[in-house]
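Reviewing the structure listed below.
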Amino acid sequence: MDSEEGLVTAFTEAIQRRFDTMQYLKAHRKDADASAVAQIAQDAAALATSNLSWHLALGASTTASALASELDVPVQFVIEKVQNGRLVGLHGRHETFLPLWQFLPGQPDKEPTGVVTEVLNVFVEELGEAFAPELVVLWAATGQPELNGREPRAAVEEEAYTEKLIWSARCAVAGLTQ
Amino acid sequence: MTSPPRDLVPFPLKNTTRVHRIYPRMYKGRPGKPAWYCDGDPVCRFDTPGSGTCYAASSREGAFIEVFRRFWDAGIPLGTVAQMSHVYMRVIDLHQLADLTDNANLNVMGIGDALALEVDKNYPLSHAFAQVARSYGLDGVHWTSVRDRSGRTNFALFADAGGDYEDIRLIVDGKGPIPDDVVNSVAAEFRLELLPPPRGSYPVRST
Numbered sequence: 000m001d002s003e004e005g006l007v008t009a010f011t012e013a014i015q016r017r018f019d020t021m022q023y024l025k026a027h028r029k030d031a032d033a034s035a036v037a038q039i040a041q042d043a044a045a046l047a048t049s050n051l052s053w054h055l056a057l058g059a060s061t062t063a064s065a066l067a068s069e070l071d072v073p074v075q076f077v078i079e080k081v082q083n084g085r086l087v088g089l090h091g092r093h094e095t096f097l098p099l100w101q102f103l104p105g106q107p108d109k110e111p112t113g114v115v116t117e118v119l120n121v122f123v124e125e126l127g128e129a130f131a132p133e134l135v136v137l138w139a140a141t142g143q144p145e146l147n148g149r150e151p152r153a154a155v156e157e158e159a160y161t162e163k164l165i166w167s168a169r170c171a172v173a174g175l176t177q
Numbered sequence: 000m001t002s003p004p005r006d007l008v009p010f011p012l013k014n015t016t017r018v019h020r021i022y023p024r025m026y027k028g029r030p031g032k033p034a035w036y037c038d039g040d041p042v043c044r045f046d047t048p049g050s051g052t053c054y055a056a057s058s059r060e061g062a063f064i065e066v067f068r069r070f071w072d073a074g075i076p077l078g079t080v081a082q083m084s085h086v087y088m089r090v091i092d093l094h095q096l097a098d099l100t101d102n103a104n105l106n107v108m109g110i111g112d113a114l115a116l117e118v119d120k121n122y123p124l125s126h127a128f129a130q131v132a133r134s135y136g137l138d139g140v141h142w143t144s145v146r147d148r149s150g151r152t153n154f155a156l157f158a159d160a161g162g163d164y165e166d167i168r169l170i171v172d173g174k175g176p177i178p179d180d181v182v183n184s185v186a187a188e189f190r191l192e193l194l195p196p197p198r199g200s201y202p203v204r205s206t
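For the protein sequence lines, the chains are A and B, in the order given.
Going by numbering that gives the first Met the number 0, the first sequence opens with residue 0, and the numbers climb by one from there.
Going by numbering that gives the first Met the number 0, the second sequence opens with residue 0, and the numbers climb by one from there.
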């Protein structure tokens, strides 16, 4: 499905449903300032598209709760691994998401593959307390010059790219540390 | 000082030349340094043995682009932007740079065009170029940002050692959070989404 069309349709339906059911909105539907309404709508649209961008940057993912259940470990164990840079993940508002590119195909695990572990080490060691899990997700979804413009997440399975991935991570992190 | 070779066109710096940097507000438990000279750890592009190199840009936007371009295809991470600072400084004790914005310079010293786009591990060509420039008594390197479409330029400024050289070669004229208008203008120029931190926004619920 086209993302734009999907967002517009779902957003329109959600707004209509709320005006149909919320007493206060229903009672005051003609009272709001038109320019304020337009600004509120623009803010909501920006939030929607930024969330869609996070979603696209993550790509195919599992959640901390699903992975914990599969591996028979506490959810907090997985969340802490993301927080400490031992797994790639994104702490969302309701869940922690883990992109599948960090694992061997079809084998989500307690540890990512060797090259992903090395990349994570670069981020954690160089950034220290400034490490933020989402930086790895965004770097991996951004074309990098050391990889001929490829996204790191598309190159992690190819052994020929191992050294270039680690070098690219070093170059990216250097800009945030100097 | 050794004179630069006749075929190397230098880029003259004036004491009023202003440069910009984006640097971490805090780094490993201490405040970040506005005028920081890289000493090879981490490896930087124009490192030379036993010296330091400060990387800066000719504009606020250029400095921002250099730091964030490696993370921004999905959008600019506003959480990380808030962790960084912007500083603008005046050059006071640097005179001439090797000018890579002049095409003629790319072919001097036997180094060639590959220098401008070098991404090889440990930057062997760029390091060699920096070493030669330094041996000629030049104070750094001036080049065009590869990803910048607006002709903004970058500076690698040499010092005798790595570390903080504020008030020695660069005078801080102002510093503070990265201004919103810088973020907004880069986002508009490169058509980038602004991404609030996911913890506060990314809404997909667990099932």
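Built from N, CA and C at the ideal position, the CB exists for glycine as well.
So, is residue i buried or exposed, given that buried needs 16 or more other C-beta atoms within 10 angstroms?
i         : result
MET88(B)  : buried
PHE70(B)  : buried
PRO111(A) : buried
PRO9(B)   : buried
GLU162(A) : exposed
ARG133(B) : buried
TYR36(B)  : buried
PHE76(A)  : exposed
VAL182(B) : buried
SER60(A)  : buried
ASP30(A)  : exposed
ARG151(B) : buried
VAL90(B)  : buried
Give me the Cβ distance between residue i and residue j, rounded to the nearest whole Å; I'm assuming they're in contact under 8 Å.
i         : j         : result
ASN153(B) : GLY61(B)  : 7 Å
VAL87(A)  : LEU119(A) : 7 Å
LEU96(B)  : VAL140(B) : 6 Å
ARG59(B)  : HIS19(B)  : 5 Å
ILE167(B) : ASP92(B)  : 7 Å
PRO197(B) : LEU89(A)  : 5 Å
ALA73(B)  : SER2(A)   : Not really, about 13 Å apart at Cβ, beyond 8 Å.
GLN255(A) : VAL115(A) : There is no way to answer for residue 255(A), as the model of chain A reaches only from 0 to 177.
GLU81(A)  : PHE122(A) : Correcting the residue type first, residue 81(A) is Val in the shown sequence and not Glu. With a Cβ gap of about 12 Å, VAL81(A) and PHE122(A) do not count as contacting.
PRO144(A) : VAL118(B) : 5 Å
LEU175(A) : VAL42(B)  : So it is not a contact: roughly 15 Å between Cβ atoms.
Considering only DSSP beta bridges, list what residue i is partnered with.
i         : result
LYS174(B) : VAL86(B)
LEU97(A)  : THR61(A)
ASN153(B) : ALA56(B), TRP142(B)
ASP163(B) : TRP35(B)
ILE21(B)  : HIS85(B)
TYR26(B)  : ARG29(B)
Which of helix, strand or coil does DSSP assign to residue i?
i         : result
GLU117(B) : coil
CYS170(A) : helix
LEU96(B)  : strand
GLY199(B) : helix
PHE10(B)  : strand
PRO76(B)  : strand
Where the region 75-89 of chain B meets chain A: residues whose CB sits under 8 Å from a CB there: When CB distances to chain A are screened at a threshold of 8 Å, the residues of the region 75-89 of chain B falling below it are PRO76, GLY78, THR79, GLN82, MET83, in chain order.
Chain-ordered residues of the region 41-58 of chain A with a beta carbon less than 8 Å from chain B: Listed by position, the residues of the region 41-58 of chain A near chain B (Cβ gap below 8 Å) are ALA45, LEU46, THR48, SER49, ASN50, SER52, TRP53, HIS54, LEU55, ALA56.
Interface positions of the region 59-73 of chain B facing chain A (Cβ-Cβ less than 7 Å), listed along the chain: The region 59-73 of chain B vs chain A, Cβ under 7 Å: GLU65, VAL66, ARG69, PHE70, TRP71, ASP72, ALA73.
Against chain A: residues of the region 184-201 of chain B by CB proximity under 8 Å: Answer set for the region 184-201 of chain B: GLU192, LEU193, LEU194, PRO195, PRO196, PRO197, ARG198, GLY199, SER200, TYR201.
Near-chain B residues of the region 136-166 of chain A - C-beta to any C-beta below 7 Å: Under the 7 Å Cβ criterion, the region 136-166 of chain A contributes LEU137, TRP138, ALA140, THR141, GLY142, GLN143, PRO144, GLU145, GLU162, TRP166.
The region 31-56 of chain B: positions lying closer than 8 Å to chain A by Cβ: Against chain A - using a Cβ distance shorter than 8 Å - the residues of the region 31-56 of chain B are TRP35, CYS37, PRO41, VAL42, CYS43, TYR54.
Contact list for the region 95-129 of chain A against chain B, Cβ threshold 8 Å: Interface annotation for the region 95-129 of chain A against chain B: PHE96, GLU125, GLY127, GLU128, ALA129, criterion Cβ-Cβ distance under 8 Å.
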